[in-house]
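S.K.: Numbering (the numbering used here), first residue to last: 9 to 231.
Even for Gly, the Cβ is constructed at its ideal location relative to N, Cα and C.
Since the model is a prediction, treat every value here as computed from it, not as a measurement.
Supplied in structure tokens, the structure appears directly below.
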């Protein structure tokens, strides 16, 4: 039977809207951003971060069975956790996972956010943490008003992001170690259920389904 908008709906705390708001407020507050692609020239310029270049254990002897898109960085701990989730998912579906994003360093985040702002993006509107976004936008505005070259503008944004991280503030979930995005736009409803079950079975991760763009965001718990 078609849904009728004229049908009376309950009001107060039991109303569907109130229930949805409660569920939303109880959900993890990730900020899983989709950044613009950077050219090799943009990537090669300063500033530089090297934290992600330091492996905490030896490199694996064989590549993972799941797919990792080009340019995606995973910590060894995240890669091992994904192996467990991917194996469980494969047993249920016969399919392998596709990793579309991993952990970023502050330098990459700064370069991409500089490009976002320069292209006209409203970062204060895009990010949940408005105060952090305003700090970054203010650094961009101040540096460009002083007619600084692009590299110094990126450096000003980088300094703000590093300072925020030192204060425990993360403008993006991908600045945290253990952040992973999994492609789900090609998953059937049954495969999505299988993935959620696989994450639960493996343990040690918080899962959120994002819609813009469609994907699963995994935050792997620190060891």
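If residue 72 sits next to residue 91, beta carbons under 8 Å apart, how far is it from one beta carbon to the other, in whole angstroms?
M.R.: The residue labelled residue 72 in the question sits at position 64 within the chain shown. The residue labelled residue 91 in the question sits at position 83 within the chain shown. With a Cβ gap of about 6 Å, residue 72 and residue 91 count as contacting.
S.K.: Please classify residue 193: is it buried, with 16 or more other beta-carbons within 10 angstroms of its beta-carbon, or exposed?
M.R.: Position 185 of the chain shown, counted from the start, is the residue given in the question as residue 193. By the neighbour-count rule (16 or more Cβ atoms within 10 Å), residue 193 is not buried but exposed.
S.K.: Going along the chain, which residues of its own chain have a beta-carbon closer than 6 Å to the beta-carbon of residue 22, five neighbours each way excluded?
M.R.: Within the chain shown, the letter at position 14 stands for residue 22. Since pLDDT at residue 22 reaches only 45, below the 50 mark, its modelled position is unreliable, and no value is offered.
S.K.: Apart from the five residues just before and just after residue 101, which ones in its own chain have a Cβ nearer than 7 Å to its Cβ?
M.R.: For this step, residue 101 is matched to residue 93 along the chain shown. Excluding residues within five positions, the ones whose Cβ falls inside 7 Å are 199, 202.
S.K.: Look at residue 122 and residue 180 and say whether their C-beta atoms are less than 9 Å apart.
M.R.: Within the chain shown, the letter at position 114 stands for residue 122. Within the chain shown, the letter at position 172 stands for residue 180. No. Outside cutoff.
S.K.: Using only CA atoms, which one of 172, 70, 107 lies nearest to residue 186?
M.R.: Here residue 186 corresponds to residue number 178 of the chain shown, with the count starting at 1. Residue 107 is the option with its Cα nearest to residue 186.
S.K.: Please list the terminal residues of the continuous beta strand (DSSP E) segment that includes residue 228.
M.R.: Along the chain shown, read from residue 1 onward, the residue named residue 228 stands at position 220. Residues 222 to 228.
S.K.: With respect to the beta strand (DSSP E) encompassing residue 183, which residues constitute its N-terminal and C-terminal limits?
M.R.: One-based indexing of the chain shown puts residue 183 at position 175. Looking at the DSSP string, residue 183 is not in any beta strand (DSSP E), and its letter there is neither H nor E.
S.K.: What three-state label does DSSP hand residue 212 in the structure shown?
M.R.: On the chain shown, position 204 is the one that residue 212 refers to. Of the three classes helix, strand and coil, the one that applies to residue 212 here is coil, per DSSP.
S.K.: With DSSP as the reference, label residue 80 as helix, strand or coil.
M.R.: Locating residue 80 in the chain shown gives position 72, counting from the first residue. Correct three-state label for residue 80: coil.
S.K.: Expressed to the nearest angstrom, what Euclidean distance is found between the alpha-carbon atoms of residue 217 and residue 204?
M.R.: Your numbering for residue 217 matches position 209 in the chain shown. Your numbering for residue 204 matches position 196 in the chain shown. Rounded to whole angstroms, residue 217 to residue 204 spans 10 Å at the Cα level.
S.K.: Hey, which unbroken runs of the alpha helix (DSSP H) at 4 residues or more fall wholly within the region 152 to 187?
M.R.: Whole alpha helix (DSSP H) segments, 4+ residues: 158 to 174.
S.K.: Within 10 angstroms of its Cβ, does residue 48 collect 16 or more other Cβ (buried), or is it exposed?
M.R.: Working through the chain shown from its first residue, we reach residue 48 at position 40. Residue 48 should be labelled exposed.
S.K.: May I ask you to report which of helix, strand or coil DSSP gives residue 191?
M.R.: One-based indexing of the chain shown puts residue 191 at position 183. Three-state DSSP puts residue 191 in a strand.
S.K.: With a threshold of 7 Å on Cβ separation, who are the neighbours of residue 215 within its own chain once the five nearest residues in sequence on each side are excluded?
M.R.: For the purposes of this step, residue 215 is taken as the residue at position 207 of the chain shown. Contacts found: 204, 207, 224, 226.
S.K.: Would you tell me roughly how many angstroms separate the C-alpha atoms of residue 228 and residue 118, rounded to the nearest one?
M.R.: Here residue 228 refers to the residue found at position 220 of the chain shown. Here residue 118 refers to the residue found at position 110 of the chain shown. For residue 228 and residue 118, the distance between alpha carbons rounds to 23 Å.
S.K.: Could you have a look at residue 196 and say whether DSSP puts it in helix, strand or coil?
M.R.: In the chain shown, the residue the question calls residue 196 occupies position 188. Coil, per DSSP.
S.K.: Counting only runs that start and end within the region 91 to 144, where is the alpha helix (DSSP H) found for 4 or more residues in a row?
M.R.: List check, alpha helix (DSSP H) in window: 114 to 126, 131 to 134.
S.K.: Of all the options 155, 154, 178, 156, which has the alpha carbon lying nearest to the alpha carbon of residue 143?
M.R.: Indexing the chain shown from 1 puts residue 143 at position 135. Of the candidates 155, 154, 178, 156, the one whose C-alpha sits nearest the C-alpha of residue 143 is 178.
S.K.: On the premise that residue 111 lies in contact with residue 78, defined as a C-beta separation below 8 Å, what is that separation, rounded to the nearest angstrom?
M.R.: Position 70 of the chain shown, counted from the start, is the residue given in the question as residue 78. Position 103 of the chain shown, counted from the start, is the residue given in the question as residue 111. Wrong, their Cβ atoms sit about 15 Å apart, outside the cutoff.
S.K.: Check the C-beta distance from residue 55 over to residue 166 and give it rounded, since I have them as a contact under 8 Å.
M.R.: For the purposes of this step, residue 55 is taken as the residue at position 47 of the chain shown. For the purposes of this step, residue 166 is taken as the residue at position 158 of the chain shown. The pair is a contact, with the Cβ atoms about 5 Å apart (cut-off 8 Å).
S.K.: What is the DSSP secondary structure of residue 66, reduced to helix, strand or coil?
M.R.: In the chain shown, counting from the first residue as 1, residue 66 sits at position 58. Unreliable placement is indicated for residue 66, whose pLDDT of 39 sits below 50; no coordinate value is reported for it.
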